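Protein sequences appear in the order of chains A and B.
Under the UniProt record's numbering, the very last position in the first sequence is 289; numbers go up by exactly one each time.
Under the UniProt record's numbering, the very last position in the second sequence is 250; numbers go up by exactly one each time.
Cβ atoms here follow ideal geometry from the backbone N, Cα and C, with glycine treated the same way.
Values in this document were obtained by computation on a predicted structure and should not be read as measured data.
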Amino acid sequence: MAYVDTTSSLLISRGTKLIKGRTSFLLGGFFLSVFIVLAIGGEALAPNSPNQIDLLHRLSAPSLTYPLGTDHLGRCILSRLMVGTSLSLGTALATAGLILAIALPVGLLAALCKGWVDAVLMRVADIFLAFPMLVFALAIIGYLGASLTSAVVGVALAWWPSLARLVRTLTLDAASKQYVLASRQCGLKPLTIIRRHILPQILPPLLVVLSLEMAGLLLVLSSLSFLGLGAQPPAAEWGAMLNEARPFFAERPSVVLAPGLVITLAVLSFNLVGEGIRNQLDKRKPYQW
Amino acid sequence: MTLQIRNLSIAYGQTQVISQINLTLHPSRTTGLIGRSGCGKSTLAKAMTGIIQAPQDTLFLNDEHFLPNPAQTGNTVHYMWQDPMASLSPFLNALDLISEPLKAIHKMPKKARQQRAHELLNMVELDPTCAAKRPHQLSGGQCQRIALARALAVKPQFLVLDEPLSALDLVTQEQVTSLLRKVRTEMHMGILIISHDLQTLAKLADDIAVMDGGRIVEHKKTQEFFAAPKFPVSQRFVEISKYSHMEHSN
């Protein structure tokens with residue numbers, strides 16, 4: 001019995017140690033996991049078809065058939081939110097991937113080539129940075145035409161310069177390390193040095209920044225859909241759902257509140273997870289006044 | 001094959017770090033370079049290996065102009081860094097670190113590469129268990145030996161070692177000293193050793209050059225140098241070295 005007590009107390013102390021200081025990260029991680037499950041299996045888990053119109057039950061209150069009620073066309077809000085997870089998170093992820101695909105080579109080239117290559121690339125980035133990001137994204141979407149693809153491209157083109165500058169700074173620091181110089185002497189080709197010695201140094205902090213940016217991206221993409229510039233009806237996307245529900249807020253507030261809360265929760269999850277990863281990687285003690 | 005440095009001067013902005021240096025390295029010979037901290041020893045070594053760009057017409061390989069470039073001429077003149085821990089990637093284990101030049105320079109296939117890397121680990125008398133360890137899991141002395149094994153994997157014609165024994169205990173110093181002697185003879189390598197430890201240089205170097213204020217003030221055969229150091233800075237080095245040796249003996 002005494003042994004059992006010792007084991008259980010050991011487990012409790014280990015559990016407490018694991019949770020201590022990581023509560024927000026674990027909470028964010030939990031919600032994010034739920035979103036990931038919904039993104040993968042939302043369609044199968046949804047109680048109703050997301051696009052099934054039931055005009056007899058439009059703007060109905062929550063019930064057993066429609067747990068979060070229905071929208072102005074009688075579609076199940078919960079099902080649309082669940083199915084919309086993959087589209088909403090998927091577009092945010094695709095945008096983040098596209099931003100990384102532009103910023104990483106630009107930042108690496110600027111830092112490693114130096115000279116005129118660095119000057120030209122960074123001046124181009126400065127020109128992009130001179131415009132407010134959302135205005136610039138709107139201009140690109142205006143040129144390409146309103147669609148989800150345009151929104152992803154527009155946001156990525158407006159967003160890459162700040163990340164490219166970060167990649168450049170991180171690469172400059174990474175490339176000046178003695179072991180990188182030493183590897184050059186060992187005959188390693190530039191691409192091998194980038195792959196083996198520079199990327200392992202710069203990717204962890206970059207992923208932290210990206211995870212924090214994901215929240216912002218999700219918000220911007222939802223805002224664009226809300227303005228009718230992103231996902232187009234009848235696509236189940238959180239921002240688009242907000243946009244469609246706007247005129248019916250007074251009649252049935254839950255139609256607007258449900259997607260709004262889901263967006264808030266997703267943004268919060270990304271922020272908490274990003275903060276958590278940053279805290280884990282940054283072992284410096286904060287300065288105490 | 002000889003590596004000649006002729007009238008090499010390097011300045012950082014307005015500060016002249018080394019001026020009018022003349023030095024020749026020969027294969028199978030070891031030259032010791034001593035001097036007080038900040039006199040320009042490491043700058044000279046880095047300029048010879050292309051880590052710092054040397055002015056044109058100052059470096060010659062067999063009387064032909066030689067422009068060192070770390071990415072291309074690492075197997076001609078190779079620099080071994082002062083801090084072994086910082087010169088080894090923390091993302092790779094010892095075996096991968098040693099295998100890097102075998103793949104990149106000598107284009108060896110995987111099996112041969114691994115076999116040679118194990119041979120080199122054995123040559124620098126490192127335990128085989130170290131092969132899978134990363135630099136932060138090893139001691140300073142073990143890292144120093146991995147750095148040396150990697151330098152040997154490059155198989156350069158000339159090897160420049162910056163304070164190669166500073167992180168080692170006396171027993172390991174002795175092992176590395178005999179290893180360097182073996183390497184010099186077996187691989188016909190020309191070696192330049194930068195060190196503050198004259199006792200080690202006495203055992204290793206064929207000739208000793210003394211730097212002071214960015215210049216080589218004295219360059220003699222080792223025995224002659226110890227018998228009759230000419231300049232005050234050389235005399236001081238020999239004096240201190242004898243004194244510390246006597247202290248160790250007592």
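- The alpha-carbon of L100/A is positioned some 35 Å away from that of R113/B.
- For the pair A119/A and P232/B, the Cα-to-Cα distance works out to about 50 Å.
- Contact between S88/A and S222/A holds: their C-beta atoms lie close to 7 Å from each other, under 8 Å.
- Contact check for V167/A against A103/A passes: the beta carbons are separated by less than 8 Å.
- Shown here for A61/A: same chain residues with a beta carbon closer than 6 Å to its own, the five before and five after excluded, namely G69 in chain order.
- If you look at Y12/B, you'll find it in the beta strand (DSSP E) that goes L3 to Y12.
- Rounded to the nearest whole angstrom, the CA to CA distance from F60/B to S28/B is 18 Å.
- The region 124-133 of chain B makes no contact with the region 67-85 of chain B: fewer than 3 CB pairs, one atom from each, lie closer than 8 Å.
- Distance from the Cα of K155/B is smallest, within the candidate group I194/B, M80/B and D57/B, for M80/B.
- The three-state reading of DSSP puts N279/A in helix, counting H, G and I together.
- Of all residues in the region 154-187 of chain A, only K177, Q178, Y179, V180, L181, A182, S183, R184, Q185, C186 and G187 come within less than 9 Å of chain B when Cβ atoms are compared, listed by chain position.
- Per DSSP, F91/B lies in no beta strand (DSSP E) and is assigned neither H nor E.
- When C-alpha distances from G84/A are compared across L170/A, Q280/A, N271/A and Q232/A, the shortest belongs to Q232/A.
- CA-to-CA, the gap between Q14/B and P55/B works out to about 16 Å.
- The CB of P253/A never comes closer than 7 Å to any CB in chain B; the least such distance is about 53 Å.
- Around the C-beta of N7/B, fewer than 16 other C-beta atoms lie within 10 Å, and the residue is accordingly described as exposed.
- Taking C-beta atoms under 8 Å as the contact rule, R215/B and I21/B qualify, at a distance of about 7 Å.
- When C-beta atoms of the region 104-118 of chain B are compared with those of the region 209-221 of chain A, fewer than three pairs fall below 8 Å, so the two segments do not count as touching.
- Put simply, the region 191-209 of chain A does not touch the region 145-157 of chain A. Fewer than three CB pairs are less than 8 Å apart.
- A250/A sits in coil when the DSSP states are folded into three classes, being neither helix nor strand.
- S19/B carries a strand assignment under DSSP once its states are collapsed to helix, strand and coil.
- Between F91/B and P50/A, the C-beta gap is not smaller than 8 Å, which leaves the two residues out of contact.
- Interface annotation, A209/B: not in contact with chain A, CB-CB separation never under 8 Å.
- The beta carbon of E251/A sits closer than 8 Å to the beta carbons of L59 from its chain, once the five residues preceding and following it are set aside; these are given in chain order.
- The Cβ-Cβ distance between L120/B and Q144/B does not fall below 8 Å.
- For the set H118/B, R116/B, D162/B and T24/B, the Cα lying nearest the Cα of P84/B is the one of D162/B.
- With a threshold of 16 other beta carbon atoms within 10 Å, S178/B falls short and is exposed.
- Annotation note: the region 57-89 of chain B contains the following uninterrupted beta strand (DSSP E) runs of length 3 or greater, listed N- to C-terminal: 59-61 and 77-80.
- The beta-carbon separation of S79/A and P47/A, rounded to 6 Å, stays under the 8 Å limit for a contact.
- Residue environment analysis places T91/A among the buried positions, since at least 16 neighbouring C-beta atoms fall within 10 angstroms of its C-beta.
- For a cut-off of 8 Å, the C-beta gap from L25/B to L192/B is around 6 Å, short enough to register as a contact.
- The region 187-232 of chain B contains, as complete alpha helix (DSSP H) runs of 4+ residues, the segments 198-204 and 222-227 (chain order).
- Apart from sequence neighbours up to five positions away, the residues of its chain that approach V180/A with a beta-carbon distance below 6 Å are H197, ordered along the chain.
- Residues of the region 80-109 of chain B with a Cβ closer than 8 Å to any Cβ of chain A, in chain order: W81, D83, A86, S87, L88, S89, P90, F91, L92, E100, P101, A104 and I105.
- With a contact defined as Cβ atoms closer than 8 Å, I194/B and K41/B qualify at about 5 Å.
- Contact with chain A is absent for P164/B, since none of that chain's Cβ atoms lies less than 8 Å from the residue's Cβ.
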